[in-house]
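Just so you know, we're using UniProt numbering here: the sequence shown kicks off at 1 and counts up by one.
Quick reminder that beta carbons are idealized off the backbone N, C-alpha and C, glycines included.
Since the structure comes first, as structure tokens, the remarks are kept for the end.
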Amino acid sequence: MSDSPPPQVWPTLRADDARALIRFLVEAFGFEEAVVYGEGDRVDHAQLSWPLGGGIMLGSAHDRGPDDKWSLRPGTFGAYVVTDDVDALHERAARAGAEIIQPPQETDYGSREFAARDPEGNLWSFGTYRGSLPPK
């Protein structure tokens with residue numbers, strides 16, 4: 001059992017074709033679909049969980065007018081996601097059609113990572129670096 005609290009920060013993005021992006025993120029990167037609300041092609045709210053903890057939320061970019069309260073443009077999102085097996089995830093992503101923009105490599109801070117773009121243009125970096133512990 002983990003002593004970590006449940007996630008309290010949820011990276012959020014919008015998509016022109018949210019249902020297609022959800023399918024891609026599940027197939028290519030291994031996110032798990034937790035909930036999806038909406039009708040037809042529209043996604044009002046979706047939550048995708050990451051197997052190692054945390055996740056993202058996303059929805060359709062359907063109201064882009066001046067009254068849009070959440071005016072995130074599709075394709076402008078970027079995230080770093082921790083994974084235990086960078087090479088296997090890289091192969092999975094490449095097979096699923098992800099645009100690999102940085103093949104797996106070792107970094108000077110001890111991580112192995114790769115980067116890819118999803119079909120909406122969002123940037124994803126996957127690596128073994130888990131961050132540093134906060135100061136006490």
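Give the straight-line distance between the Cα atoms of Ala-79 and Pro-11, rounded to the nearest whole angstrom. 8 Å
DSSP on Val-81, reduced to helix/strand/coil? strand
Quick one: is Ser-71 buried, meaning 16 or more other Cβ sit within 10 Å of its Cβ, or exposed? exposed
Beta bridge counterpart(s) of Leu-123 as assigned by DSSP: Gly-78 and Arg-117
So, helix, strand or coil for Glu-33, using DSSP? strand
Comparing alpha-carbon positions, which option in Gly-38, Asp-108, Asp-16 and Glu-120 lies nearest Thr-128? Asp-108
Rounding to the nearest angstrom, what Cα-Cα distance links Met-1 and Asp-67 in this structure? Unreliable positioning characterises Met-1 in this predicted model, as indicated by a pLDDT of 46, which lies under 50. The coordinate reading is nonetheless provided below. In a straight line, the C-alpha of Met-1 is about 45 Å away from that of Asp-67.
How about Gln-102 and Ala-116: are their beta carbons less than 9 Å apart? yes
When the Cα of Asp-118 is compared with those of Pro-6, Leu-52 and Leu-13, which residue comes out closest? Leu-13
Taking Gly-40 as the reference, give the member of His-62, Gly-53, Phe-31 and Glu-27 with the closest Cα. His-62
Leaving out five residues on either side along the sequence, give the residues of the same chain with a beta carbon under 8 Å from the beta carbon of Ile-100. His-90, Ala-93, Ala-94, Phe-114, Ala-115 and Ala-116
Assuming contact is defined by CB atoms lying nearer than 9 Å, are Asp-84 and Leu-52 in contact in what I supplied? yes
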